[in-house]
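Data first, discussion second: the structure below is written as C-alpha cells.
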Amino acid sequence: MPATFGPNHRGTRNQLAMNSLAVITRKNSELVDITRDVETFVANSGITSGIAVVFCPHTTAAVTVNENCDPDVVHDMLLWMERSIPRIQHGFLHGEGNSDSHIKAALVGPSVHLIIEKGKLVLGTWQGIFFCEFDGPRNRKVHVQVLGK
35 MPATFGPNHR GTRNQLAMNS LAVITRKNSE LVDITRDVET FVANSGITSG IAVVFCPHTT
95 AAVTVNENCD PDVVHDMLLW MERSIPRIQH GFLHGEGNSD SHIKAALVGP SVHLIIEKGK
155 LVLGTWQGIF FCEFDGPRNR KVHVQVLGK
C-alpha cells in the first residue's frame, strides 16, 4: 500500500510507493530489459496518474529507455560503447581496472523519469526500460519509486 502525504493544490492526497528489483547480469556488458518488472510494480502500486523514477544505485551500471523490439539495437549500442570506451586504455589510473565501466555508466545516467497515466507507464510503441550493465556479471538492484494519485 502506498504512503500518502499532504494535500496537493487541489486538496487531494498524493501517494508514494517504492520497490527494489533484483537484476542478475551474466556478461561484462549487457542491457537487461526490465520493462515488465517496472510495469508490474506501477500497476500494483494503485497510483493511476503520476511519475515513476527508475534509479540505479551502482557506479558501473545505468538505466536508460530505448528500443526493445529489435535486439540489433541493443547489440549496436553495446558495440559502440565498447569501441568508443575500451576496457583497457593507456593512462587509466583506477586500481580496479574498470574505469571504462564508470565512464559508460556516467554517460548513460543513473535514472529515468516516466509518466504514469491510467495506471500504466507512458512509453512509445518501441520503447523499453533497460538496466545497463558495464562491469558484470553481478547481482544488482534497481529502485523504482512512484509518486501520484
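In terms of this note's numbering, the sequence shown is residues 35 to 183.
Glycine included, C-beta positions come from ideal geometry on N, C-alpha and C.
Model, not experiment: these values are computed from the prediction.
field: Proximal residues to H177 (C-beta, below 7 Å), its chain only, five neighbours per side dropped
entry: Translated into the one-based positions of the sequence shown, residue 177 becomes position 143. Taken in chain order, the residues that qualify are M52, S54, F89, P91.
task: Assign S118 to buried or exposed, taking buried as 16 or more other Cβ atoms, counted over all protein chains shown, within 10 Å of its Cβ.
output: Numbered from its first residue, the sequence shown carries residue 118 at position 84. So S118 ends up on the exposed side.
task: Identify the continuous alpha helix (DSSP H) that holds I137 and give its terminal residues.
output: Taking the sequence shown and counting its residues from 1, one reaches residue 137 at position 103. Taken as a continuous stretch (DSSP letters only), the alpha helix (DSSP H) holding I137 covers 133 to 142.
query: Distance, Cα to Cα, V66 vs A56?
result: Here residue 66 is taken as the residue at index 32 of the sequence shown, counted from 1. Here residue 56 is taken as the residue at index 22 of the sequence shown, counted from 1. Each residue's Cα considered, the two are about 11 Å apart.
- prompt: Within 10 angstroms of its Cβ, does V156 collect 16 or more other Cβ (buried), or is it exposed?
  reply: In the sequence shown, residue 156 corresponds to position 122, counting from 1. It counts as exposed.
- request: Pick helix, strand or coil for V99, following the three-state DSSP scheme.
  value: Sequence index remark: in the sequence shown, residue 99 carries index 65 (1-based). Of the three classes helix, strand and coil, the one that applies to V99 here is strand, per DSSP.
Proximity winner among I137, G162, F75, N132, relative to D104 (alpha-carbon distances): Position 70 of the sequence shown, counted from the start, is the residue given in the question as residue 104. Residue G162 is the option with its Cα nearest to D104.
- request: Would you mind stating whether A86 and I150 have Cβ atoms separated by less than 7 Å?
  value: If you number the sequence shown from 1, residue 86 lands on position 52. If you number the sequence shown from 1, residue 150 lands on position 116. In this structure, I150 lies closer than 7 Å to A86 by Cβ.
- request: Locate the beta strand (DSSP E) running through E64, then write down its first and last residues.
  value: If you number the sequence shown from 1, residue 64 lands on position 30. From DSSP, the beta strand (DSSP E) with E64 extends over 64 to 67.
message: Pop quiz: V99 and V146 are said to be a contact at Cβ under 8 Å. What is the actual Cβ separation, rounded to whole angstroms?
response: Locating residue 99 in the sequence shown gives position 65, where the first residue counts as 1. Locating residue 146 in the sequence shown gives position 112, where the first residue counts as 1. About 5 Å; that satisfies the 8 Å criterion.
message: Report the CB separation of T184 from P144 in whole angstroms; it is logged as a contact under 8 Å.
response: This structure does not reach residue 184, given that the chain is present from 35 up to 183, and the question cannot be answered.
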